[in-house]
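Inspection log for the structure reproduced underneath, given as C-alpha cells.
Protein chains: 2
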Amino acid sequence: MNARHTAAPSTDLDHQREAIAGLGHELRALVDATVRTVTPADVLHRVTDEVRRLTSQLTGRRRTRTEIPHVDEFPGGIRMFSPVTGPGNPLAPPVRVTPDGDGVTGHCTLGIAHEGPPGYVHGGMSAMLLDELMGWACSAAGTPAMTVSLQLRYHGPVPVETPLRVHARVTGTEARKVFVTGSITTEADGDRQLVTAEAVFVAPDPERARALFPER
Amino acid sequence: MNARHTAAPSTDLDHQREAIAGLGHELRALVDATVRTVTPADVLHRVTDEVRRLTSQLTGRRRTRTEIPHVDEFPGGIRMFSPVTGPGNPLAPPVRVTPDGDGVTGHCTLGIAHEGPPGYVHGGMSAMLLDELMGWACSAAGTPAMTVSLQLRYHGPVPVETPLRVHARVTGTEARKVFVTGSITTEADGDRQLVTAEAVFVAPDPERARALFPER
Numbered sequence: 131m132n133a134r135h136t137a138a139p140s141t142d143l144d145h146q147r148e149a150i151a152g153l154g155h156e157l158r159a160l161v162d163a164t165v166r167t168v169t170p171a172d173v174l175h176r177v178t179d180e181v182r183r184l185t186s187q188l189t190g191r192r193r194t195r196t197e198i199p200h201v202d203e204f205p206g207g208i209r210m211f212s213p214v215t216g217p218g219n220p221l222a223p224p225v226r227v228t229p230d231g232d233g234v235t236g237h238c239t240l241g242i243a244h245e246g247p248p249g250y251v252h253g254g255m256s257a258m259l260l261d262e263l264m265g266w267a268c269s270a271a272g273t274p275a276m277t278v279s280l281q282l283r284y285h286g287p288v289p290v291e292t293p294l295r296v297h298a299r300v301t302g303t304e305a306r307k308v309f310v311t312g313s314i315t316t317e318a319d320g321d322r323q324l325v326t327a328e329a330v331f332v333a334p335d336p337e338r339a340r341a342l343f344p345e346r
Numbered sequence: 131m132n133a134r135h136t137a138a139p140s141t142d143l144d145h146q147r148e149a150i151a152g153l154g155h156e157l158r159a160l161v162d163a164t165v166r167t168v169t170p171a172d173v174l175h176r177v178t179d180e181v182r183r184l185t186s187q188l189t190g191r192r193r194t195r196t197e198i199p200h201v202d203e204f205p206g207g208i209r210m211f212s213p214v215t216g217p218g219n220p221l222a223p224p225v226r227v228t229p230d231g232d233g234v235t236g237h238c239t240l241g242i243a244h245e246g247p248p249g250y251v252h253g254g255m256s257a258m259l260l261d262e263l264m265g266w267a268c269s270a271a272g273t274p275a276m277t278v279s280l281q282l283r284y285h286g287p288v289p290v291e292t293p294l295r296v297h298a299r300v301t302g303t304e305a306r307k308v309f310v311t312g313s314i315t316t317e318a319d320g321d322r323q324l325v326t327a328e329a330v331f332v333a334p335d336p337e338r339a340r341a342l343f344p345e346r
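These protein sequence lines map, in sequence, to chains A and B. For the record, in the first sequence the residue sitting at position 176 is 306 according to the numbering used here, with numbers rising by one throughout. For the record, in the second sequence the residue sitting at position 161 is 291 according to the numbering used here, with numbers rising by one throughout.
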C-alpha cells in the first residue's frame, strides 16, 4: 500500500513533466516560426487571436512569484521552467547539462530568436549560457553558490543554428567564494573558444539562502 | 503619384509591424501562462496540439539565417525580432530604449519566464539587458560597436514583475575602442544599483563590418 502510494505520484509527476516539456517544445517551434516567417498581416492577426484563445485555456491556478513549481526539485535538481535549461520554458534552448571529467558541459543549438548580429548569437545570450553553466559547475563541485562577479571575453561571433558546447569548471575556493571559468565553442571545433568567462560565485550564508530559496 | 508611391509602402510597413508586435505580445502572455500554470497534463496535451497547428499556419517563406527582416531598419534602426528590444520576439521583455542626458535608458518588466532564483531575474538575463543597452549607448554616441569584453557585478537580486531601469553610457574612446558603463535599478529605487557593468566595445573595421552586417 505504501509502495503504491509512493509509486503513483512519481508516475503522475513523470507524465506531468512530459506534458510540460511537450508544450515547451511546440512553443519553441512556434516562436521560431514567428521570428522567421514572412507572412501577410491578416494571417498574423488570425494567429494572434488564436494564441489569445489558447492562453485562456491554460486556466486554473497560476503559481505566485516565489512559489517553487511542484514539478521541480529545488534547490539543486530539476527546474522545468529555467530560461536556460528548462524544457518547459519556450525561452530556453534548452541546454542539456552533463557532468564531465573536470566540471560540467552543456549542449545546445540556438535559433534566430536568440540572434544579435544577423546570423550570430546575441552577446548577452552567451553570457546567460555561461552564467548558468558556471552555476551548475559550483553545484557539481558541492558548493552551490550565486554569481557576484562575471567577466566575459568575446573572441569571435557564435553562430546560430549550430550545435554548441558550453564548458564550466571550478578552479578554486576561498572561504565562501568559488572561482569558476567557462567557455563556448562549436561542437565541430572544440579547440576554438568563441567566448570565455571568469567568475566569482559566493555560497550564500544560511539566512540569505533561506530568504532567496524558500522551502517548498 | 510619386508621393503616393512613397506613402503606400510605408503604411503597409506600419501595418505589418503592428501585426508582428501584436503576435509578439500575445505570445508573451502565452509563454507567461505556460511557465506559471498548474494545469493537468491532458489540458497541456490539447494546447500542445493546437500550438502545433498554429505553427503550420505561419506558412509561406521563412527568412534564412543571415537575412535582414524586411520590416527592420538595419543597421542602427528598428529591429522587430531582437531578443531584448524586439516587440515581435516573444523572448524579449521587450525593453523600451530612450536617449537620456548622458547615454540611453531602457525600461522593462521581466516575468517569471526570465527567472533564476525563485522570484528573481536570472543573472544571465541581467547581463543580456546590460550588453544590449551598452550597445545602444555606443550607437547613440555615434560609434556603433560590438562587445569584446564585459564585466558584471551583482550587488543585489533583481526582482521579477517589477519595473526596472537599465542605464548605459559611453565613458571614453581610444582608437576603435569604446568604453561603456551600465547599471540596473528598479524604477522605484533609482539610487540602489543592483547590477553594474563595465565593457569594452570595438567598432568593427569596414571589412569585418561587411561580413557581419551584410547589406540588405
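Heads up, the beta-carbon is just placed ideally off N, CA and C, and yes, glycines get one too.
Using 10 angstroms around the beta-carbon of Gln146 of chain B, count the other beta-carbons present and answer buried if the total reaches 16, otherwise exposed.
Numbered from its first residue, the second sequence carries residue 146 of chain B at position 16. The Cβ neighbour count for Gln146 of chain B, taken over all protein chains shown within 10 Å, is at least 16; the residue is labelled buried.
Counting C-beta neighbours from all protein chains within 10 Å, is the total for Gly286 of chain A 16 or more, i.e. buried, or is it exposed?
One-based indexing of the first sequence puts residue 286 of chain A at position 156. Within 10 angstroms of the beta-carbon of Gly286 of chain A lie fewer than 16 other beta-carbons, which makes it exposed.
Report the partner residues of Gly236 of chain A according to the DSSP bridge assignment.
By one-based count along the first sequence, residue 236 of chain A stands at place 106. BP columns for Gly236 of chain A point to A:Val227, A:Val296.
What do you reckon, are the CB atoms on Val181 of chain A and Leu160 of chain B nearer than 9 Å?
Along the first sequence, one-based indexing puts residue 181 of chain A at 51. Along the second sequence, one-based indexing puts residue 160 of chain B at 30. Less than 9 Å separates the beta-carbon of Val181 of chain A from that of Leu160 of chain B.
At a Cβ threshold of 9 Å, is Ile208 of chain A touching chain B?
Here residue 208 of chain A refers to the residue found at position 78 of the first sequence. Any Cβ of chain B closer than 9 Å to the Cβ of Ile208 of chain A would place that residue at the interface, and such an atom is absent.
Beta-carbon spacing of Leu240 of chain B, Leu280 of chain B below 9 Å:
Numbered from 1 along the second sequence, position 110 holds the residue referred to as residue 240 of chain B. Numbered from 1 along the second sequence, position 150 holds the residue referred to as residue 280 of chain B. No. Outside cutoff.
Determine which residues of the stretch 292 to 317 of chain A have a Cβ less than 8 Å from any Cβ of chain B, and write them out in chain order.
Within the stretch 292 to 317 of chain A, no residue places its CB atom closer than 8 Å to a CB of chain B.
Determine contact between the stretch 193 to 208 of chain B and the stretch 211 to 227 of chain A, defined as no fewer than three beta-carbon pairs at a distance below 8 Å.
They do not touch, by the three-pair rule.
For a contact defined as C-beta to C-beta under 9 Å, what are the partners of Leu153 of chain A on chain B?
Sequence index remark: in the first sequence, residue 153 of chain A carries index 23 (1-based). By Cβ distance, chain B contributes Thr164, Leu174, His175, Val177, Thr178, Val181.
Helix or strand or just coil, what does DSSP make of Val251 of chain A?
As a working mapping, residue 251 of chain A is identified with position 121 in the first sequence. Correct three-state label for Val251 of chain A: strand.
Pick from B:Gly233, B:Leu184, B:Thr315, B:Asp335 that is closest to Ala271 of chain B, judged by C-alpha positions:
The residue you call residue 271 of chain B lines up with position 141 of the second sequence. Of the candidates B:Gly233, B:Leu184, B:Thr315, B:Asp335, the residue whose Cα lies closest to the Cα of Ala271 of chain B is B:Gly233.
Three-state secondary structure (DSSP) of Gln187 of chain A:
As a working note, residue 187 of chain A is residue 57 in the first sequence. The three-state secondary structure of Gln187 of chain A, taken from DSSP, is helix.
Test: Ala171 of chain A CB closer than 9 Å to a CB of chain B:
Taking the first sequence and counting its residues from 1, one reaches residue 171 of chain A at position 41. It does; some Cβ of chain B falls within 9 Å.
Is Asp261 of chain B close to chain A, meaning its C-beta is less than 9 Å from at least one C-beta of that chain?
As a first step, residue 261 of chain B must be located in the second sequence, where it is residue number 131. Interface residue (Cβ-Cβ distance to chain A less than 9 Å): Asp261 of chain B is classified as such.
How many whole angstroms separate the CB atoms of Pro402 of chain A and Met276 of chain A, which I take to be in contact at a CB cut-off of 8 Å?
Examination of residue 402 of chain A is not possible in this model, given that chain A is present from 131 through 346 alone.
Would Val325 of chain A and Ser313 of chain A qualify as a contact pair, given that the criterion is a beta-carbon distance under 9 Å?
Taking the first residue of the first sequence as 1, we reach residue 325 of chain A at position 195. Taking the first residue of the first sequence as 1, we reach residue 313 of chain A at position 183. With contacts defined as CB atoms closer than 9 Å, Val325 of chain A and Ser313 of chain A qualify as a contacting pair.
Please report the straight-line C-alpha distance between Thr316 of chain A and His244 of chain A, rounded to a whole angstrom.
Position 186 of the first sequence, counted from the start, is the residue given in the question as residue 316 of chain A. Position 114 of the first sequence, counted from the start, is the residue given in the question as residue 244 of chain A. Roughly 16 Å between the two C-alpha positions.
Are Glu148 of chain A and Ala171 of chain B close, meaning C-beta to C-beta below 9 Å?
As a position in the first sequence, residue 148 of chain A is number 18, starting the count at 1. As a position in the second sequence, residue 171 of chain B is number 41, starting the count at 1. Closer than 9 Å, so yes.
Hey, is His237 of chain B's beta-carbon within less than 9 Å of any beta-carbon in chain A?
Translated into positions along the second sequence, residue 237 of chain B becomes position 107. Among the residues facing chain A, His237 of chain B is not included, as its CB has no counterpart in that chain under 9 Å away.
Close beta carbons around Ala163 of chain B, own chain, < 8 Å, minus the five adjacent residues each side
The sequence position of residue 163 of chain B within the second sequence is 33, counting from 1. Around Ala163 of chain B: no qualifying Cβ.
So which residues of chain A does Thr196 of chain B contact, with C-beta pairs closer than 8 Å?
As a first step, residue 196 of chain B is located in the second sequence; it is residue number 66 there, counting from the start. Near Thr196 of chain B (Cβ distances below 8 Å), the residues of chain A are Pro248, Gly249.
Thr164 of chain B (DSSP reduced to helix, strand or coil)
What you label residue 164 of chain B is simply residue 34 of the second sequence in a count that begins at 1. If DSSP states are grouped into helix, strand and coil, Thr164 of chain B belongs with the helices.
Would you mind telling me which residues of chain A sit closer than 7 Å to Val290 of chain B, beta carbon to beta carbon, in chain order?
Counting from one through the second sequence, the residue named residue 290 of chain B turns up at place 160. The answer, in chain order, is Arg195.
Does the beta carbon of Ala257 of chain B come closer than 9 Å to any beta carbon on chain C?
Given the protein chain composition of this structure (A and B), no chain C is represented.
Using a C-beta cutoff of 9 Å, does Arg322 of chain B count as contacting chain A?
As a first step, residue 322 of chain B must be located in the second sequence, where it is residue number 192. At a cut-off of 9 Å between beta-carbon atoms, Arg322 of chain B makes no contact with chain A.
Residues bridged to Met210 of chain A (per DSSP):
Counting from 1 along the first sequence, the entry for residue 210 of chain A is found at position 80. Answer by DSSP bridge pairing: none, since Met210 of chain A is not bridged.
What is the rounded straight-line gap between the Cα of Thr141 of chain B and the Cα of Pro205 of chain B?
The sequence position of residue 141 of chain B within the second sequence is 11, counting from 1. The sequence position of residue 205 of chain B within the second sequence is 75, counting from 1. Straight-line Cα distance between these residues: approximately 21 Å.
Exposed or buried, what is Thr215 of chain A when buried is set at 16 or more other beta-carbons lying within 10 Å of its beta-carbon?
Your numbering for residue 215 of chain A matches position 85 in the first sequence. It is buried - the Cβ of Thr215 of chain A has at least 16 other Cβ atoms within 10 Å.
Could you give the distance in angstroms between the alpha-carbon of Ala138 of chain A and the alpha-carbon of Asp144 of chain A?
As a first step, residue 138 of chain A is located in the first sequence; it is residue number 8 there, counting from the start. As a first step, residue 144 of chain A is located in the first sequence; it is residue number 14 there, counting from the start. Bear in mind that a pLDDT of 49 at Ala138 of chain A, under 50, signals an unreliable position, so the number given afterwards is only what the model happens to contain. Approximately 10 Å between the Cα atoms of the pair.
Name, in chain order, the residues that DSSP records as bridge partners for Ser313 of chain B.
Position 183 of the second sequence, counted from the first residue, corresponds to residue 313 of chain B. Within the DSSP bridge table, the entry for Ser313 of chain B names B:His297, B:Thr326 as partners.
Note down the Cα distance separating Val332 of chain A from Val290 of chain B, rounded to an integer number of angstroms.
Translated into positions along the first sequence, residue 332 of chain A becomes position 202. Translated into positions along the second sequence, residue 290 of chain B becomes position 160. Taking the straight line from one Cα to the other gives about 22 Å.
How would you label His200 of chain A, buried or exposed, when you count the other beta carbons within 10 angstroms and need 16 or more for buried?
The residue you call residue 200 of chain A lines up with position 70 of the first sequence. The residue is exposed, with fewer than 16 neighbouring Cβ atoms inside 10 Å.
Counting only Cβ pairs nearer than 7 Å, list the residues of chain B close to Glu337 of chain A.
Taking the first residue of the first sequence as position 1, residue 337 of chain A is located at position 207. Residues of chain B passing the Cβ test: none, with the nearest at roughly 14 Å.
Using a C-beta to C-beta distance shorter than 7 Å, which residues of chain B count as neighbours of Ala243 of chain A?
Within the first sequence, the letter at position 113 stands for residue 243 of chain A. Chain order gives the chain B residues near Ala243 of chain A as Pro213, Asn219, Leu221, where near means a beta carbon separation below 7 Å.
For Ala298 of chain B and Ala267 of chain B, which I take to be in contact (beta-carbon distance under 8 Å), what is that distance rounded to the nearest angstrom?
Along the second sequence, one-based indexing puts residue 298 of chain B at 168. Along the second sequence, one-based indexing puts residue 267 of chain B at 137. Contact check for Ala298 of chain B and Ala267 of chain B: beta-carbon distance about 4 Å, within the 8 Å limit, so the pair qualifies.
Among the residues of its own chain, which have a CB less than 7 Å from the CB of Met258 of chain B, if the five just before and after it don't count?
The count along the second sequence starts at 1 and reaches residue 258 of chain B at position 128. Non-local beta-carbon contacts of Met258 of chain B in its own chain, meaning distances under 7 Å to residues more than five positions away in sequence, involve Val214 in chain order.
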